[in-house]
Structure formats: structure tokens, C-alpha cells
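Step one of this worksheet: look at the structure below.
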Amino acid sequence: MVQTSFADIVLNPLLSLNPLIVIALLSFILALVINILYKFLTNQALMKGLKEEMKEYQKRIRKEKGNPAEMARLQKLAMSANMKYMMQSMRPTLITFLPAILLIGWFSAHLSVDTIMPNQEFTSTLTFDADVSGNVTAVPPENLTVVGESTRQIESSKAVFRFQALEEGDYLIKYRLGDSEFTKDVYVTNQQGLHATVQENVNRDGVKTITIDHKKKTYFTIPGFNYNAGWLLTYFILVSVFSLGLRRIMKLH
3 MVQTSFADIV LNPLLSLNPL IVIALLSFIL ALVINILYKF LTNQALMKGL
53 KEEMKEYQKR IRKEKGNPAE MARLQKLAMS ANMKYMMQSM RPTLITFLPA
103 ILLIGWFSAH LSVDTIMPNQ EFTSTLTFDA DVSGNVTAVP PENLTVVGES
153 TRQIESSKAV FRFQALEEGD YLIKYRLGDS EFTKDVYVTN QQGLHATVQE
203 NVNRDGVKTI TIDHKKKTYF TIPGFNYNAG WLLTYFILVS VFSLGLRRIM
253 KLH
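When we follow this note's numbering, the leftmost residue of the sequence shown carries the number 3, and every step to the right adds one.
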């Protein structure tokens with residue numbers, strides 16, 4: 003498995019750390035960069051004045067509830083001030099959009115599921131078109147063994163195989179259905195955050211997908227809802243908290 007993107011080259015060394023620490027660290031750095039750009043790319047005096055102006059309009063609108071014409075006039079002025087405020091904040095938002103997207107993509111690729119390690123059993127699921135029936139056979143490479151039967155009957159348009167790798171490596175598993183052959187790679191390593199593509203969309207000869215069934219990585223449980231939060235919710239919560247905190251510390255408007 004090789005590093006194929008700029009984000010991988012820069013960020014993959016962080017994979018030796020605890021995943022939650024990685025998300026927290028990168029969320030803080032992103033929030034800090036956003037707020038620094040926000041400070042220097044916006045007219046803070048103007049934005050402070052616009053915020054105060056909008057608050058004043060809201061107060062006056064509440065006082066003019068019995069005067070529809072005056073309320074409409076004040077609402078129009080408030081909307082105009084709000085538009086000016088949004089235009090000021092648009093530039094730093096656009097500049098930080100690409101780094102944020104790259105970071106989200108890297109989180110998704112490396113911190114969403116658990117790594118498959120040597121001697122750990124894992125499953126691979128094949129899904130088929132509704133009219134496909136019969137048996138499918140898995141042919142593993144050297145140092146990767148099938149746990150149980152290597153030939154499975156297709157049931158409910160799917161077949162599940164269990165494997166175990168004896169050592170680290172990048173393995174290519176072959177699957178045979180009639181005269182057709184399909185392949186799916188799996189990366190086995192002791193280093194967290196590295197794995198091959200989880201799902202392969204085949205869509206030929208009756209086979210729809212081949213998936214390596216990684217366990218979803220969870221970071222905390224929401225009390226009362228029995229919901230295990232993944233990387234995305236964890237990231238959004240942390241980056242929001244850091245952004246609001248830094249905004250207060252830096253006294254941004």
C-alpha cells in the first residue's frame with residue numbers, strides 16, 4: 003500500500019498517535035488557521051459595527067410590532083446589514099474550504115474503520131444480482147488462509163467468506179463464479195489507519211460489489227441515544243468547539 007496523495011504524505015506520520023488525538027489536533031489547527039485568516043482578511047471594525055447595527059434593528063423591530071410598514075422597513079435594513087456581514091466573511095471561508103475538504107477526505111480514508119492486523123480474522127462479502135445463484139469460490143494468496151469453507155453458496159444475493167492473514171502484507175484475493183474471476187485487495191498491517199479500499203464496485207457478470215468488512219471505528223457514545231459517534235461527528239464537534247473558543251479568545255466579530 004503506497005501513499006498516493008499530498009495529504010497522505012503530510013499527515014500519515016500522525017497515524018502512530020491515538021486516533022482521537024489526531025482528530026483533535028488537526029481540528030484545532032484547522033480552527034486556528036480559519037480564525038487567523040478571518041482576523042486578517044476581514045475588516046473587524048466594520049463587522050463589529052454591522053453586528054451592533056443588526057442587534058439594534060432587531061430591538062426596534064420588536065418595538066414596532068403594531069406598525070407593519072415600519073417593521074418591513076427595518077427588516078430590509080437588517081437584511082442589508084446582514085448581507086454586508088456575510089460578504090466580509092465569505093473570503094476567508096472560501097480560502098479554507100479546500101484544506102477542510104482535504105482533511106475530511108483524509109479522516110474518511112484513515113480514521114473511519116479499524117485496521118486488519120496479522121492473525122486477526124476478518125470477513126469479505128460479495129453481493130450479486132437478484133437472478134444469480136450457485137456457488138462462489140475464494141482463492142487466497144500465500145500467507146492468507148480461508149477460515150471455514152472456501153466455496154460458499156449464494157444466499158439472499160450474497161456470499162460471505164472468513165479469512166486470516168499470517169503476516170503483514172498487501173494481498174489480492176481471487177473469487178470465482180462459473181467461468182468468471184474477480185479480485186479484491188486487502189491490506190494487513192499492525193499500523194492503524196492503513197487499509198485498502200473497503201468496497202469494490204464490480205457490476206459485471208452478476209457480481210455487484212466485493213467488500214472487506216472492516217469494523218467501524220467509534221470515538222464516543224452519546225448517552226441516552228445508544229449512538230456510537232464516528233470520525234465525522236467527532237470532527238464537527240471538536241472543530242466547532244475550537245472555533246468558538248478561539249473566536250472568543252481572539253475577540254473576533
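Note that CB positions come from ideal geometry on N, CA and C, so glycine has one too.
Roughly how many angstroms lie between the CA atoms of residue i and residue j, to the nearest whole one?
i	j	result
Gln60	Ile214	55 Å
Ile38	Arg250	12 Å
Glu55	Ala83	7 Å
Ala140	Gly180	12 Å
Ser242	Thr129	39 Å
Thr127	Tyr221	25 Å
Pro15	Val115	18 Å
Leu76	Leu13	50 Å
Ala71	Gly51	25 Å
Glu144	Gly171	10 Å
Asp187	Val209	16 Å
Ser133	Met85	In the sequence under discussion, the amino acid at residue 133 is Asp, which differs from the Ser named in the question. Between Asp133 and Met85, the C-alpha separation is close to 56 Å.
Lys67	Met49	27 Å
Thr95	Leu43	10 Å
Gly150	Arg164	7 Å
Gln46	His255	6 Å
Lys253	Gln201	46 Å
Ile36	Leu17	24 Å
Phe109	Asn230	17 Å
Val4	Met89	Low local confidence applies: a pLDDT of 48 at Val4 is under 50, so the model's placement there is unreliable, and no value is given.
Lys217	Leu146	19 Å
Lys1	Asp131	The question about residue 1 has no answer here: the residues shown for the chain are numbered 3 through 255.
Lys57	Leu246	20 Å
So is residue i buried or exposed if we call it buried at 16+ other beta carbons inside 10 Å?
i	result
Val190	buried
Thr125	exposed
Ile103	exposed
Gly195	buried
Val24	buried
Thr29	Correcting the residue type first, residue 29 is Ser in the shown sequence and not Thr. Label assigned to Ser29: buried.
Tyr237	buried
Leu100	exposed
Leu74	The identity of residue 74 in the sequence shown is Ala, whereas the question assumes Leu. Its Cβ having fewer than 16 others within 10 Å, Ala74 is exposed.
Val204	buried
Ile138	Here residue 138 turns out to be Val, not Ile, going by the sequence shown. Val138 should be labelled buried.
Which partner residues does residue i have in the DSSP bridge list?
i	result
Phe184	Tyr177
Lys218	Val115
Leu128	Ala161, Ile212
Arg206	Val209
Asn230	Thr223
Thr147	Gln166
Tyr189	Asp172
Ser138	Checking the sequence, you will find Val at residue 138 rather than Ser. Bridge partners of Val138: Arg154.
Sort the options by Cα distance to residue i and report the nearest one.
i	options	result
Ala259	Leu43, Trp233, Asn69	Outside the shown range of the chain, which is 3 to 255, sits residue 259, and nothing can be said about it.
Ile31	Lys253, Ala231, Val149, Thr98	Thr98
Phe244	Ala111, Asn69, Ala33	Ala33
Lys219	Arg206, Asp207, Thr211, Leu235	Leu235
Ser135	Val148, Thr185, Lys160	Lys160
Validate contact between the region 136–155 and the region 219–235 using beta carbons, cut 8 Å, 3 pairs: no
For the structure I just gave you, are there three or more beta carbon pairs, one from the region 189–207 and one from the region 106–122, closer than 8 Å? yes
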